[in-house]
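So the structure is just underneath, and the comments pick up after that.
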Amino acid sequence: MKALTRVFLRALGRSARPFLETHGLMRVKKIFNRSALEWTPGGERVVVLAPHMDDEVIGCGGTLARHVERGAEIAIVFLTDGRRGGKATDDAVARSSLAAERKRESKLALAELGIDRVEFLAGEDGRLEATPELAGALRRALQAHRPEIVYLPCFIEEHPDHRAASALLAAAVAGSGLEFRCHAYEVWTPLFPNCLVRIDATLDAKRRALGHYQTQLAEADYLHTGLGLNAYRSSAFLDPACRHAEAFLSLSLGEYLDLFRSYSAGGAEGAR
Numbered sequence: 022m023k024a025l026t027r028v029f030l031r032a033l034g035r036s037a038r039p040f041l042e043t044h045g046l047m048r049v050k051k052i053f054n055r056s057a058l059e060w061t062p063g064g065e066r067v068v069v070l071a072p073h074m075d076d077e078v079i080g081c082g083g084t085l086a087r088h089v090e091r092g093a094e095i096a097i098v099f100l101t102d103g104r105r106g107g108k109a110t111d112d113a114v115a116r117s118s119l120a121a122e123r124k125r126e127s128k129l130a131l132a133e134l135g136i137d138r139v140e141f142l143a144g145e146d147g148r149l150e151a152t153p154e155l156a157g158a159l160r161r162a163l164q165a166h167r168p169e170i171v172y173l174p175c176f177i178e179e180h181p182d183h184r185a186a187s188a189l190l191a192a193a194v195a196g197s198g199l200e201f202r203c204h205a206y207e208v209w210t211p212l213f214p215n216c217l218v219r220i221d222a223t224l225d226a227k228r229r230a231l232g233h234y235q236t237q238l239a240e241a242d243y244l245h246t247g248l249g250l251n252a253y254r255s256s257a258f259l260d261p262a263c264r265h266a267e268a269f270l271s272l273s274l275g276e277y278l279d280l281f282r283s284y285s286a287g288g289a290e291g292a293r
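22 is the number of the first residue of the sequence shown in my numbering; add one for each residue after it.
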């Protein structure tokens, strides 16, 4: 694990862009001084990969609202159908009803952020895999939107569907010639960030958006945990004016996939 940590930190240092601004605790130690930096979202073309309806709001909702304020073109691509997120049983009708309700919730949530471009790839919730069909559908979505930035859950996430999103992205872009920056976000598992975004100005929009996911809030208090993580991330600034921030691992597509493969290979070796 120490070797994997060193790989992370080397990648974070290499990827730090010179126009980003260093703040607060990031000045305390040299390794952090070159690792975690503040970034201001702009009017980029953005695609967000969300394994489940609500991941996009928890992981980067405040940042997306800031992009919208700057005129960004944003498309959300949900990777699974959401059939197992909640109290649905093995009954096919109940699962279908839950999937439809989660789609409805997602559209209401994204409207709070000012986003209306949404695609549903309908992979199987809880069993997301990089199948040729899903990889082809994602490739077509990426080619259509030509993003400059792709947000997706970091590959160190505990949830298997979240980890599978990186494998699906790798399959989708293979041989495509697509180039963009990856901003990996955190939902279940804190990551090693090299990019921080203040979200106090858009926190209310994020809170309202997440509030529409009633099927998920009935299972867990994501308002408490998600916004709590955002509150913790603000500590990096040592600035009383910043109360909430979102954290990302920001790398070029090539760097991100190289790190993903290194991490995955390390995990496989450790399991033997």
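Backbone N, C-alpha and C define an ideal beta-carbon position, used for all residues, glycine too. Fair warning: this is a prediction, and the values are worked out from it, not measured in the lab.
_residue 234 and residue 69 closer than 8 Å at C-beta_ = The sequence position of residue 234 within the sequence shown is 213, counting from 1. The sequence position of residue 69 within the sequence shown is 48, counting from 1. Cβ atoms of residue 234 and residue 69: not closer than 8 Å.
*Give the straight-line distance between the Cα atoms of residue 197 and residue 98, rounded to the nearest whole angstrom.*
By 1-based counting over the sequence shown, the position of residue 197 is 176. By 1-based counting over the sequence shown, the position of residue 98 is 77. A straight line joining the alpha-carbon of residue 197 with that of residue 98 spans about 18 Å.
*Determine the contact status of residue 60 and residue 217, defining contact as a CB-CB distance below 8 Å.*
Reading the sequence shown from its first residue, position 39 is the one you call residue 60. Reading the sequence shown from its first residue, position 196 is the one you call residue 217. At a Cβ-Cβ threshold of 8 Å, residue 60 and residue 217 count as neighbours.
*Do residue 241 and residue 254 have their C-beta atoms within less than 8 Å of each other?*
Residue mapping note: residue 241 aligns to position 220 of the sequence shown, counting from 1. Residue mapping note: residue 254 aligns to position 233 of the sequence shown, counting from 1. Contact flag unset, no.
*Three-state secondary structure assigned by DSSP to residue 295*: Given a span of 22 to 293 for the chain in the structure shown, any question on residue 295 remains unanswerable.
_Assigned secondary structure, residue 62 (DSSP; H/G/I helix, E/B strand, else coil)_ = To locate residue 62, count along the sequence shown from 1; it is residue 41. Three-state result, residue 62: coil.
*asked:* So, with DSSP's three-state summary, where would you put residue 208?
replied: Sequence index remark: in the sequence shown, residue 208 carries index 187 (1-based). It is coil, neither helix nor strand.
*asked:* Using the Cβ count rule (16 or more neighbours within 10 Å means buried), how would you classify residue 112?
replied: The sequence position of residue 112 within the sequence shown is 91, counting from 1. By the 10 Å Cβ count, residue 112 comes out exposed.
_According to DSSP, simplified to helix, strand and coil, what is residue 253?_
Stepping through the sequence shown from its first residue, residue 253 is reached at position 232. Annotated three-state conformation of residue 253 is helix, per DSSP.
*Alpha-carbon spacing of residue 244 relative to residue 231, whole angstroms*: Mapped onto the sequence shown, residue 244 falls at position 223. Mapped onto the sequence shown, residue 231 falls at position 210. Straight-line measurement puts the Cα of residue 231 at about 7 Å from the Cα of residue 244.
_Ordered list of beta strand (DSSP E) runs contained in the segment 71-106, each at least 3 residues_ = Annotation: the segment 71-106 contains the following complete segments of the beta strand (DSSP E) (minimum length 3 residues), in chain order: 94-101.
*Taking buried to mean at least 16 other C-beta atoms within 10 Å of its own C-beta, is residue 137 buried or exposed?*
Within the sequence shown, numbered from 1, the residue matching residue 137 stands at position 116. Flag for residue 137 reads exposed.
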